[in-house]
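Heads up, the thing below is written out as structure tokens.
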């Protein structure tokens, strides 16, 4: 049971769109991600997904609209909802979702990351 | 599906030690809490509990040690672990835990808050 400092954890990796697990609560994981440019359209059929912006500005595109999230803002993407995150400048985010969720959901892509990369 | 701004939500209440629910992800709730001074010793027998500090400094006392958490830091308090949060100055935190968890866990106190107070 150690405390986790987000800034220190972000210093430990540079790879974009590649979630790093920093904590587990019950069967849920807390993951840090650095993002820039476009991700891929995808959905998670079995779970909601929480995005919290820790640094910068991100956008999450849905089929009918785009939500801009700034530092200090969060969004719950509902289960099954198709979405595509993007960021004009590099941004840092916290994801909360059940253990074992793959970043690209129902899609296989060159951006599909390995799960359970703990730092 | 609306985005949530932590600062705006914190403007909507002043009561200390009284969690306000701002989001639900699957069967988990995200709660904002303003805290100052001492809470009560308690434990949650059925769940881990996540503390994220959004403003100020908090301490979480355990039977054998005390963890200080600053803004940008988080801690997972393990299921069943007796703890007592406190803050010398008013601080703002985010809690993540399953829906329906009572703030004082196994203990009834004047600080026991009502659940599911959405803002």
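Residue numbers (the numbering used here), protein chains in the order written: chain A, 4 to 122; chain B, 4 to 122. Each residue gets a CB set at the ideal place from its N, CA and C atoms; glycine is no exception.
The C-beta of residue 7(B) comes closer than 7 Å to at least one C-beta of chain A. Under the three-state reduction of DSSP output, residue 116(A) falls in the coil class, being neither helix nor strand. Counting only Cβ-Cβ distances below 7 Å, residue 99(A) has contacts in chain B at 28 and 99, in chain order. Look at the stretch 64 to 98 of chain A: the residues with a C-beta under 7 Å from a C-beta of chain B are 70, 72, 75, 76, 77, 78, 79 and 81. About 12 Å separates the beta carbons of residue 35(B) and residue 54(B), which is beyond the 8 Å limit, so they are not a contact pair. In this structure, DSSP gives residue 16(A) a state outside helix and strand, which the three-state scheme calls coil.
Put simply, the stretch 37 to 54 of chain A touches the stretch 79 to 96 of chain A. At least three CB pairs are less than 8 Å apart. It is roughly 28 Å from the alpha-carbon of residue 92(A) to the alpha-carbon of residue 13(B). Judged by DSSP in its simplified three-state form, residue 9(A) adopts helix. Taking 3 residues as the shortest admissible run, the stretch 35 to 85 of chain B contains the following complete beta strand (DSSP E) segments, listed from N- to C-terminal end: 52 to 58, 60 to 65, 69 to 73 and 76 to 80. Your pair residue 96(A) and residue 15(A) does not check out as a contact, with CB atoms roughly 16 Å apart and the cut at 8 Å.
Taking the Cα positions, residue 42(B) is about 14 Å away from residue 18(B).
Ranked by Cα distance from residue 114(A), the first of 66(A), 22(A) and 81(A) is 22(A).
Per DSSP, the beta-bridge partners of residue 32(A) are 27(A) and 100(A). By the neighbour-count definition (other C-beta atoms within 10 Å, threshold 16), residue 37(B) is a buried residue. Beta-bridge partners of residue 22(A) (DSSP): none assigned. Along the stretch 47 to 64 of chain A, the positions whose C-beta sits under 7 Å from a C-beta of chain B are 50, 51 and 53, read in chain order. As computed with DSSP, residue 87(B) is found in a beta bridge with 64(B).
Proximity of residue 10(B) to chain A, defined by a Cβ-Cβ separation below 7 Å, is satisfied.
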